[in-house]
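Structure, as structure tokens:
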Amino acid sequence: MIDKNCSYCMEGELVAKFGIKICELNASKVYLFKEQSHKGRVIVASKHHVSEMTELSEEERNAFFADVNHAAEAIHKAFSPDKVNYGAYGDTGHHLHFHLVPKYQEDEFEWGSTFAMDPKRKTLSETEYEEIISELKKYL
95 MIDKNCSYCM EGELVAKFGI KICELNASKV YLFKEQSHKG RVIVASKHHV
145 SEMTELSEEE RNAFFADVNH AAEAIHKAFS PDKVNYGAYG DTGHHLHFHL
195 VPKYQEDEFE WGSTFAMDPK RKTLSETEYE EIISELKKYL
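Take 95 as the starting number for the sequence shown in our numbering and just add one per residue.
Here you go:
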């Protein structure tokens, strides 16, 4: 099912408000989150328009989590964070997705606490976004 009001289903202008599509994996789409307080932060969104992981079959769920793991590995290889935090929300946007948020001790921004959904702390130039995407794509 496709929801015409869903940014992950429709992409285009809806997703461009907060993300840049990097690639598609087996069960998901990967987006660079435009707010880059945490270098390499991405969103991994299921290709299925479901609100809960319980709505996926076991095979679909395993494929989705394999993609989440693959994206986390790419972040670790590309940027060597001290930790990657994972967040799955969706109270208002009912499409299964995970935020993968690299955390860096030397930055100290939010180290030891939950990451902010959109801290509006750091946006980048198109060239800087392209550099991060290029680095991630090496491992995706």
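Here a beta-carbon is modelled for each residue, glycine too, at the ideal position from N, C-alpha and C.
None of these values were measured; they are calculated from a predicted model.
Endpoints, the alpha helix (DSSP H) within which residue i is located
i, result
"His164", "Glu152 to Phe173"
"Leu230", "Glu220 to Lys231"
Limits of the unbroken beta strand (DSSP E) element including residue i
i, result
"Cys117", "Gly113 to Glu118"
"Leu108", "Here Leu108 belongs to no beta strand (DSSP E); instead the alpha helix (DSSP H) covers Gly106 to Ala110."
"Pro196", "His191 to Lys197"
"Phe127", "Ser122 to Phe127"
"Asn179", "Lys177 to Gly181"
"Ala139", "Val136 to Ser140"
Own chain, CB closer than 7 Å to residue i, minus 5 neighbours either side, in chain order
i, result
"Ala110", "none"
"Leu218", "Gln130"
"Ala168", "Leu230, Tyr233 and Leu234"
"Leu126", "Gly113, Ile114, Ile116, Val136, Tyr223, Ile226 and Ile227"
Selection from the options that minimises the alpha carbon distance to residue i
i, options, result
"Thr148", "Glu202, Lys128 and His191", "His191"
"Asn120", "Ala139, Glu200, Leu218 and Cys100", "Ala139"
"Phe158", "Phe173, Lys171 and Lys141", "Lys141"
"Phe173", "Phe203, Thr208, Phe127 and Gly134", "Gly134"
"Glu146", "Gly187, His132, Ser207 and Val124", "Gly187"
"Glu220", "Lys128, Pro196, Gln199 and Met211", "Lys128"
"His216", "Ser207, Phe203 and Ala165", "A quick correction: the sequence has Lys, not His, at residue 216. Looking at the Cα atoms, Phe203 is the closest of the given residues."
"His164", "Glu118, Asp185, Tyr183 and Ser207", "Glu118"
"Trp205", "Asn156, His170 and Pro175", "Pro175"
"Asn99", "His170, Gln199, Val124 and His189", "His189"
Cβ neighbours of residue i in the same chain (closer than 6 Å, five flanking residues each side left out)
i, result
"Asp97", "Cys103 and His143"
"Lys177", "Lys197"
Cβ neighbours of residue i in the same chain (closer than 8 Å, five flanking residues each side left out)
i, result
"Val87", "Residue 87 lies beyond the stretch modelled for the chain, which goes from 95 to 234, so this question has no answer here."
Exposure label - residue i; buried when at least 16 CB within 10 Å
i, result
"Ser151", "exposed"
"Pro213", "exposed"
"Ser101", "buried"
Residue i: CB within 6 Å of a non-hydrogen atom of the ligand FMN
i, result
"Tyr183", "Summarising the ligand content, the structure contains no ligands, and the ligand FMN is consequently not present."
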